[in-house]
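Participant:
Protein chains: 2
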Amino acid sequence: MTRSGEFELDADEIVAAAIVILQERGLDALSMRNVADRLGVSPMPLYTRVGNKAALIDAVADHLLVDLAPAAGAGEPWPDYAERWCRELRHRLKDTPDSRLYLGAAREPYVEASRPLIAALRDGGLSAEAAVQACRLLMWATVGFVAMEQGSTPPAAPRARRDALSGGNPTGVTPEEADELFDLQIGFLTAGIAGMHGGDATGG
Amino acid sequence: MTRSGEFELDADEIVAAAIVILQERGLDALSMRNVADRLGVSPMPLYTRVGNKAALIDAVADHLLVDLAPAAGAGEPWPDYAERWCRELRHRLKDTPDSRLYLGAAREPYVEASRPLIAALRDGGLSAEAAVQACRLLMWATVGFVAMEQGSTPPAAPRARRDALSGGNPTGVTPEEADELFDLQIGFLTAGIAGMHGGDATGG
DNA sequence: ACCTGAACACCGTTCAAGT
DNA sequence: ACCTGAACACCGTTCAAGT
């Protein structure tokens, strides 16, 4: 039994404090000194526990990107599940306060999110290789779409000289148009995958 | 006739110096002081000419993103041109040293790049509205794909604890696989557009 | 062993002072 | 009018010194 520490500062608390600052003031305002101040310590303990700022941001990203994908329903046809998977992924990524967090993220959250979709595609009749490729296609399309939709640093960095017609993305698309565009894209890709592999679209 | 200035420091020279630093050391290493030092001046003249750092980065992005799209060939069927347009756009974006530059970029470079593709789609029989939507679909898919492919800050920020299996993107995909994935995506989207609008795919 | 405070080498930005 | 140098309020990171 280890002696019960009076200072229970561990990596999770540091990450939690970082996330609060991230959500309140944005990624650009997140600093090691910020986090240390909020925890009432000097910066040094952060370095001994999480390494450095890049590692802290990685840990924050990992924390924000857990359970990224929904589970498949029983008997759900894979094209239905694939589209639902993409929509849910998009929704979760849009809640992430800065696209750098998921664009620079480690591989694990994406690998984990891929598993149920790959399984559903295999159930639908695709080969292992085809399922992996189809999953990657949908994932890249979805993550990339949201990155484009969010722009690089939207919320906490109100930039000058930018006429904010639609609020962030560089092409002046309204949220409704973005939704429509996303559904169109995912529909075309799902149809392409189905057409290419001729899988049984009625599920297991 | 204005008197010939001895100091011919203008905004273009500032942008040019910034681009050199950007290409040598990456976006994170670009600073107002850096640029001023390279030009042999104090930081103040930069502020009077370009405003602030965000405006400088905007100007750098504008400069890097001119002439983003290839022109259509005479009599080139629109699906061929659309795929070539996407591939060329991807190529140009991959040459941009940091995804933040095109994800946070102003609207103009994208509007300009859209024009010839929209014209080609209209020539192919799509309505104005359908052509705009199809162009957006391909553009978002392409820009998003490259953002995912490049990760957030690949070259000049070698991060620790990242096993560099494939060198940047968060999903462990080799360059060859990325090329294949991109062609697949663009092919599916082009087919979807053609199928939706039943345009005459043989061009004008 | 683990913390604090000071320090180093940077930032973006501004301002008084020079010319 | 336009520049410079110093300054202010920050950074990430490290290190000597304390307990």
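So the sequences go chain by chain: U and S. Just so you know, we're using the numbering used here here: the first sequence kicks off at 1 and counts up by one. Just so you know, we're using the numbering used here here: the second sequence kicks off at 1001 and counts up by one. Virtual Cβ for every residue (Gly too), placed ideally from N, Cα, C.
What are the residues in the region 1068 to 1090 of chain S lying within 8 Å of chain U by C-beta distance?
Facilitator: none
Participant: Determine the extent of the alpha helix (DSSP H) in which Pro1175/S is found, giving its start and end residues.
Facilitator: 1175 to 1197
Participant: Is there at least one non-hydrogen atom of the ligand HEM closer than 8 Å to the beta-carbon of Leu1065/S?
Facilitator: As presented, the structure is devoid of all ligands, the ligand HEM included, so that no description of it is given.
Participant: Roughly how many whole angstroms lie between the Cα atoms of Arg1033/S and Ala1054/S?
Facilitator: Whole-angstrom Cα-Cα distance: 14 Å.
Participant: Please give me, in chain order, every unbroken run of the beta strand (DSSP E) with length at least 3 that falls completely inside the region 1083 to 1139 of chain S.
Facilitator: Fully enclosed beta strand (DSSP E) runs of 3 or longer: not present.
Participant: Can you find the residues in the same chain that come closer than 8 Å, C-beta to C-beta, to Tyr47/U, ignoring five residues on each side of it along the sequence?
Facilitator: Around Tyr47/U: Met32.
Participant: Looking at chain U, which residues of the region 1039 to 1052 of chain S have a Cβ within less than 8 Å of any of its Cβ atoms?
Facilitator: Gly1051, Asn1052
Participant: What is the residue span of the alpha helix (DSSP H) that Asp62/U lies within?
Facilitator: 53 to 64
Participant: Leaving out five residues on either side along the sequence, give the residues of the same chain with a beta carbon under 7 Å from the beta carbon of Pro1097/S.
Facilitator: Leu1022, Gln1023, Gly1026, Leu1027, Pro1155
Participant: CB-CB under 8 Å to Ile1186/S, same chain, minus the five flanking residues each way: which ones, in chain order?
Facilitator: Ala1082, Glu1083, Cys1086, Arg1087, Leu1138, Ala1141, Thr1142
Participant: Note down the Cα distance separating Leu56/U from Glu1177/S, rounded to an integer number of angstroms.
Facilitator: 30 Å
Participant: How close, in whole Å, do the beta carbons of Ala72/U and Ala113/U come, if the pair is a contact with beta carbons under 8 Å?
Facilitator: No, Ala72/U and Ala113/U are not in contact; Cβ-Cβ is about 13 Å, not under 8 Å.
Participant: Using alpha carbons as the reference points, say which of Leu1093/S, Leu1089/S, Pro1079/S lies closest to Arg1122/S.
Facilitator: Pro1079/S
Participant: Around the C-beta of Gly144/U, are 16 or more other C-beta atoms found within 10 angstroms, so that it is buried, or is it exposed?
Facilitator: buried
Participant: Kindly indicate if chain S contains any beta-carbon less than 9 Å away from that of Ile193/U.
Facilitator: Yes - at least one Cβ of chain S is within 9 Å of the one on Ile193/U.
Participant: Closest to Ala61/U by CA distance: which of Gly124/U, Ala16/U, Ala29/U is it?
Facilitator: Ala16/U
Participant: Helix, strand or coil for Ala141/U per DSSP?
Facilitator: helix
Participant: Could you say which of Ser99/U, Leu89/U, Ile118/U lies nearest to Asp58/U if we only look at CA atoms?
Facilitator: Ser99/U
Participant: Taking just the CA atoms, how far does Leu1101/S sit from Val1107/S?
Facilitator: What sits at residue 1107/S in the sequence shown is Arg, not Val. Taking the straight line joining both Cα atoms gives about 12 Å.
Participant: Determine which residues of the region 91 to 113 of chain U have a Cβ less than 7 Å from any Cβ of chain S, and write them out in chain order.
Facilitator: Ser99, Arg100, Leu103, Gly104, Ala105, Ala106, Arg107, Tyr110
Participant: Hey, Ala147/U and Leu103/U: beta-carbon distance below 9 Å or not?
Facilitator: yes
Participant: Pick helix, strand or coil for Leu1068/S, following the three-state DSSP scheme.
Facilitator: coil
Participant: Quick check on Ala147/U: does DSSP put it in helix, strand or coil?
Facilitator: In the three-state reduction of the DSSP assignment, Ala147/U falls in the helix class, which pools H, G and I.
Participant: Using the beta-carbon count (16 or more within 10 Å), is Glu13/U buried or exposed?
Facilitator: Here Glu13/U is exposed: its Cβ has fewer than 16 other Cβ atoms, across all protein chains shown, within 10 Å.
Participant: Listing by chain order, which chain S residues have their CB less than 9 Å from the CB of Met139/U?
Facilitator: Met1148, Thr1171
Participant: Is it buried or exposed for Gly1075/S, if we count other Cβ within 10 angstroms and need 16 for buried?
Facilitator: exposed
Participant: What in chain S is Cβ-close to Leu184/U, meaning under 7 Å?
Facilitator: Leu1137
Participant: Check the Cβ of Gly124/U against every Cβ in chain S and list those closer than 8 Å, keeping chain order.
Facilitator: Going along chain S, no residue has its Cβ under 8 Å from Gly124/U, so there is no contact; the nearest lies around 17 Å.
Participant: How long is the line joining the alpha carbons of Ser1166/S and Leu1065/S, rounded to whole angstroms?
Facilitator: Low local confidence applies: a pLDDT of 39 at Ser1166/S is under 50, so the model's placement there is unreliable, with the coordinate-based value given in what follows. Between Ser1166/S and Leu1065/S, the C-alpha separation is close to 26 Å.
Participant: For a cutoff of 9 Å on Cβ pairs, would you count Leu1205/S as touching chain U?
Facilitator: Not covered by the structure: residue 1205/S. The range shown for chain S is 1001 to 1204.
Participant: Tell me the DSSP secondary structure of Pro170/U in three-state form.
Facilitator: Note: Pro170/U maps to coil in three-state DSSP.
Participant: If you check the beta carbons only, do Leu1117/S and Ala1069/S fall under 9 Å apart?
Facilitator: yes
Participant: How about Leu1181/S and Val1173/S: are their beta carbons less than 9 Å apart?
Facilitator: yes
Participant: Run through DSSP, which three-state label would Pro45/U get?
Facilitator: helix
Participant: Could you give the distance in angstroms between the alpha-carbon of Ala1067/S and the alpha-carbon of Ala1105/S?
Facilitator: Residue identity check: residue 1067/S is Asp in the sequence provided, not Ala. One Cα belongs to Asp1067/S, the other to Ala1105/S, and the distance between them is close to 14 Å.
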